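Note that the numbering used here has the sequence shown beginning at 1, numbered continuously upward.
Don't be surprised by glycine CBs; every beta carbon is placed ideally from N, CA and C.
Quick caveat: nothing in here was measured; it's all calculated off a predicted structure.
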Amino acid sequence: MSEQAKWYVVQTMSGYENKVATDLATMVENRKMQDLIVDIKIPTEKVTEVKDDKVREVERKIFPGYVLIKMIVTNDSWYVVRNIRGCTGFVGPESKPVPLTDEEVASLGVEKHSVEVGYNVGDRVVIVSGPLKDFAGVVKEINVADNSVSVGIDAFGRETIAELELDQIVLAD
């Protein structure tokens, strides 16, 4: 038994993702299992759709038929998830839950990690990782929502803008 909650994938009947998620959330609330089943997500993306000459933004499921659950697997938590109407089982060999790796969780964007930045637009910074490591530059733009920062670096006698992640730079001394 694991003491730390991990992300698992649960397969549902087609079109039952929202029902499974809401029923599971209700069951967790009723049985006071918030310490075992921590979070329930249905990965979605916003898509611009053009239909009949009308443009609209629609939210579409990235993985139809699947729900992500952050939980600590015990006999009780496994039983509760497995017996939700519309749930067909965990993704894994013989329906045994297999947790997602940290890389998979990061690539799915399920958990957002906030990064505290110690620099502002106009500050002189040094790049600490990636192909431009040890280059110095000036912060041009910070976009916390996208986890990105634009840095103007002097390359070959002219300023070039580099798009980096927030944690790839630090303030210059």
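Residue i to residue j, Cα distance in whole Å?
{"i": "V50", "j": "T12", "result": "29 Å"}
{"i": "L152", "j": "V126", "result": "Reading off the sequence, residue 152 comes out as Gly, not Leu. Near 11 Å, if we compare the C-alpha coordinates of V126 and G152."}
{"i": "D123", "j": "A106", "result": "29 Å"}
{"i": "R56", "j": "F63", "result": "21 Å"}
{"i": "I142", "j": "V121", "result": "7 Å"}
{"i": "L132", "j": "S148", "result": "15 Å"}
{"i": "E103", "j": "V9", "result": "15 Å"}
Whose C-beta lies closer than 8 Å to the C-beta of residue i among residues of the same chain, with five residues either side of it excluded?
{"i": "M1", "result": "Residue confidence is low: M1 scores 45 on pLDDT, short of 50, so the model does not pin down where it sits. Its coordinate-derived value is still stated next. Excluding positions up to five away in sequence, the list reads I72, V73 and T74."}
{"i": "V170", "result": "G118, Y119, V125, V126 and V128"}
{"i": "E3", "result": "I72"}
{"i": "G89", "result": "V10, Q11, R82 and S95"}
With distances taken Cα to Cα, identify the nearest neighbour of residue i among the options.
{"i": "C87", "options": "T101, N147, Q168 and G15", "result": "G15"}
{"i": "L164", "options": "P99, S150 and D173", "result": "S150"}
{"i": "G65", "options": "N18, L166, V139 and W78", "result": "N18"}
{"i": "G157", "options": "G137, A145 and A5", "result": "G137"}
{"i": "S77", "options": "L24, E159 and V91", "result": "L24"}
{"i": "Q34", "options": "D53, K54, I69 and D52", "result": "I69"}
{"i": "A5", "options": "D39, R31 and T26", "result": "D39"}
{"i": "D146", "options": "D154, V98, K41 and L166", "result": "L166"}
Identify the continuous alpha helix (DSSP H) that holds residue i and give its terminal residues.
{"i": "L171", "result": "Counting along the chain, L171 falls outside any alpha helix (DSSP H), though it belongs to the beta strand (DSSP E) covering I169 to L171."}
{"i": "L166", "result": "No alpha helix (DSSP H) contains L166, which DSSP labels as neither H nor E."}
{"i": "H19", "result": "According to the sequence as given, residue 19 is Lys; it is not His. E17 to R31 is the span of the alpha helix (DSSP H), which, as asked, contains K19."}
Which same chain residues end up closer than 7 Å to residue i when comparing Cβ atoms and leaving out the 5 residues on each side of it in sequence?
{"i": "L108", "result": "P43"}
{"i": "K46", "result": "E57 and E59"}
{"i": "Q168", "result": "I127, V128, S129 and G130"}
Between which residues of its own chain and residue i is the CB-CB distance below 6 Å, once the five residues before and five after are set aside?
{"i": "V20", "result": "T12, V67, I84, G86 and C87"}
{"i": "K100", "result": "Note that residue 100 corresponds to Leu in the displayed sequence, not to Lys. Taken in chain order, the residues that qualify are W7."}
{"i": "I37", "result": "V28, M71 and S77"}
{"i": "T48", "result": "E57"}
{"i": "V80", "result": "M27"}
So, is the C-beta of residue i closer than 7 Å to a C-beta in chain D?
{"i": "I153", "result": "In summary, chain D is missing from the structure at hand, where a single protein chain is found."}
From which residue to which residue does the beta strand (DSSP E) around residue i run?
{"i": "S148", "result": "S148 to A155"}
{"i": "D39", "result": "I37 to K41"}
{"i": "E3", "result": "Per DSSP, E3 belongs to no beta strand (DSSP E) and is neither H nor E."}
{"i": "G118", "result": "First-last for G118: undefined, no H or E at that position."}
{"i": "K133", "result": "K133 -> no beta strand (DSSP E), and no H or E assigned at all."}
{"i": "V144", "result": "That residue, V144, is in no beta strand (DSSP E); it is neither H nor E in DSSP."}
May I ask you to check if the CB of residue i is nearer than 6 Å to at least one heavy atom of the ligand NAD?
{"i": "K70", "result": "The ligand NAD is not part of the structure shown, which contains no ligands of any sort."}
At 3 residues or longer, and completely inside the stretch 62–109: list those beta strand (DSSP E) runs for me, N to C.
-> 66–71 and 87–90
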